[in-house]
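These notes concern the structure reproduced below.
Residue numbers (the UniProt record's numbering): 1 to 355.
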């Protein structure tokens with residue numbers, strides 16, 4: 001997978017920008033606050049239509065403007081595509097592929113798979129279950145676009161059920177909502193379970209290399225509801241309805257799932273050193289690259305956002321070795337790669353030099 005050209009208008013601190021990229025490394029060099037990460041954020045939109053930095057499209061629109069446009073010419077094994085995206089304060093995100101508007105955001109999924117590394121990856125380990133669920137949702141959606149559709153259905157009905165629980169409850173309607181949640185929830189449960197089983201193999205091998213075979217990384221899916229069928233899932237949700245009445249929200253379901261991360265039998269979500277947590281996060285992210293390659297037959301685009309200052313030399317070299325076969329975009333305060341195309345970034349202006 002490749003991105004050949006990126007065009008921005010009124011995006012973050014870029015009034016107008018057009019960049020051409022090479023197949024290997026594309027390195028953006030500049031001090032903090034100059035706009036390096038903004039370029040990577042724009043690229044990230046072409047995977048699942050969402051930023052890795054914010055959930056609000058409004059945040060990406062330049063100050064004083066009503067809308068921003070982001071366009072790219074991309075390529076995968078199936079062909080070459082032009083993707084145009086418009087986002088703004090009072091408009092719904094609009095996406096076109098080869099000038100044809102898409103009906104649903106999930107129609108974009110799979111055109112360009114992207115794996116993002118950033119300093120915030122540490123949250124994947126040290127923060128609460130929500131961060132790990134977001135990781136699952138984003139990565140599974142890239143590989144299986146139907147997952148996103150089912151997940152959207154789940155949360156739509158979950159919100160309806162929660163609204164009902166705050167009112168005088170209609171038990172018949174509650175059961176209908178619970179049946180719908182059980183149907184989509186069980187499907188999500190199975191896809192998450194399958195994803196964890198798959199990524200575990202890659203992550204264990206990668207983490208063993210990172211730790212010089214001193215550590216064993218275990219990854220376990222911790223579903224909130226243990227069930228082997230949709231019917232059993234439904235019964236478990238209904239068994240918790242009295243508690244739901246008291247709490248006035250749905251206390252059971254995939255929105256409460258978690259993923260356990262264990263190194264040498266120690267749960268590093270709650271214990272473990274900063275170095276161990278960072279290594280586990282890197283192992284998970286590198287595993288994504290291998291999974292996407294295995295599932296699609298081509299490597300994803302990789303975004304490395306200002307992470308090298310956080311890593312020691314051995315981890316830097318290992319990371320670079322793993323992304324050798326990918327088109328990679330790097331942000332850094334200091335030039336350190338010997339090859340690649342170098343972009344000097346200063347106050348929203350970019351000049352290009354060959355590395």
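No residue lacks a Cβ here, since even glycine has one placed at the ideal position from N, Cα and C.
I'd like to know whether the C-beta of residue i is nearer than 8 Å to at least one C-beta of chain B.
| i | result |
| --- | --- |
| residue 131 | The chain labelled as chain B is not found in the depicted structure, where only one protein chain is given. |
Take the Cβ of residue i as the centre, count every other Cβ of all protein chains shown within 10 Å, and call the residue buried at 16 or more, exposed below.
| i | result |
| --- | --- |
| residue 161 | buried |
| residue 297 | exposed |
| residue 237 | buried |
| residue 278 | buried |
| residue 10 | buried |
| residue 49 | buried |
| residue 106 | buried |
| residue 37 | buried |
| residue 63 | exposed |
| residue 317 | exposed |
| residue 127 | exposed |
| residue 177 | buried |
| residue 275 | exposed |
| residue 26 | buried |
On the DSSP letters alone, give me the boundaries of the beta strand (DSSP E) that residue i sits inside.
| i | result |
| --- | --- |
| residue 332 | 328-332 |
| residue 220 | 217-222 |
| residue 85 | 79-88 |
| residue 16 | 14-20 |
| residue 361 | There is simply no residue 361 to check, as the chain begins at 1 and stops at 355 in what is shown. |
| residue 26 | 25-29 |
| residue 7 | 2-11 |
| residue 62 | Here residue 62 belongs to no beta strand (DSSP E), and DSSP marks it neither H nor E. |
| residue 213 | Premise fails: residue 213 is in no beta strand (DSSP E) and is neither H nor E. |
| residue 344 | 341-346 |
| residue 254 | Note, residue 254: premise wrong, no beta strand (DSSP E); not H, not E. |
| residue 54 | Looking at the DSSP string, residue 54 is not in any beta strand (DSSP E), and its letter there is neither H nor E. |
| residue 309 | No beta strand (DSSP E) contains residue 309, which DSSP labels as neither H nor E. |
| residue 116 | 114-117 |
Where does the unbroken alpha helix (DSSP H) through residue i begin, and where does it stop?
| i | result |
| --- | --- |
| residue 293 | 274-296 |
| residue 245 | 241-247 |
| residue 182 | 171-210 |
| residue 135 | 129-143 |
| residue 36 | 36-48 |
| residue 167 | Counting along the chain, residue 167 falls outside any alpha helix (DSSP H), and DSSP gives it neither H nor E. |
| residue 125 | 123-126 |
| residue 359 | Because residue 359 is not part of the residues shown, which for the chain are 1 to 355, the question remains open. |
Please report how far the alpha carbon of residue i lies from the alpha carbon of residue j, in whole angstroms.
| i | j | result |
| --- | --- | --- |
| residue 363 | residue 7 | The structure shown does not extend to residue 363, since the chain is modelled only from 1 to 355, so the question has no answer here. |
| residue 172 | residue 147 | 28 Å |
| residue 117 | residue 304 | 5 Å |
| residue 269 | residue 283 | 15 Å |
| residue 312 | residue 18 | 34 Å |
| residue 340 | residue 321 | 14 Å |
| residue 119 | residue 272 | 18 Å |
| residue 352 | residue 248 | 56 Å |
| residue 15 | residue 86 | 14 Å |
| residue 292 | residue 112 | 11 Å |
| residue 239 | residue 53 | 38 Å |
| residue 70 | residue 343 | 19 Å |
| residue 84 | residue 108 | 11 Å |
| residue 56 | residue 244 | 30 Å |
| residue 253 | residue 194 | 17 Å |
| residue 155 | residue 281 | 27 Å |
| residue 256 | residue 134 | 12 Å |
| residue 169 | residue 250 | 13 Å |
| residue 88 | residue 132 | 29 Å |
The stretch 281-293 contacting the stretch 189-207, beta-carbon criterion three pairs below 8 Å: Three or more pairs of CB atoms, one per stretch, sit closer than 8 Å, so the stretch 281-293 contacts the stretch 189-207.
The stretch 81-94 contacting the stretch 223-243, beta-carbon criterion three pairs below 8 Å: They do not touch, by the three-pair rule.
Contact the stretch 65-76 vs the stretch 139-158: 3+ CB pairs below 8 Å: Result no; under three Cβ-Cβ pairs closer than 8 Å.
Inter-stretch contact (C-beta, 8 Å, three-pair minimum) for the stretch 127-144 and the stretch 179-194: Flag = yes, the stretch 127-144 and the stretch 179-194 touch.
contact_flag[the stretch 258-269, the stretch 207-221] where n(CB pairs < 8 Å) is 3 or more: Touching, yes, given that three or more Cβ pairs across the two stretches are closer than 8 Å.
Segment contact, 8 Å Cβ cut-off, at least three pairs: the stretch 347-354 with the stretch 33-49: The stretch 347-354 is in contact with the stretch 33-49.
Cβ pair count under 8 Å reaching 3, the stretch 323-331 against the stretch 19-26: Contact check between the stretch 323-331 and the stretch 19-26: three or more CB pairs, one atom from each, fall below 8 Å, which counts as touching.
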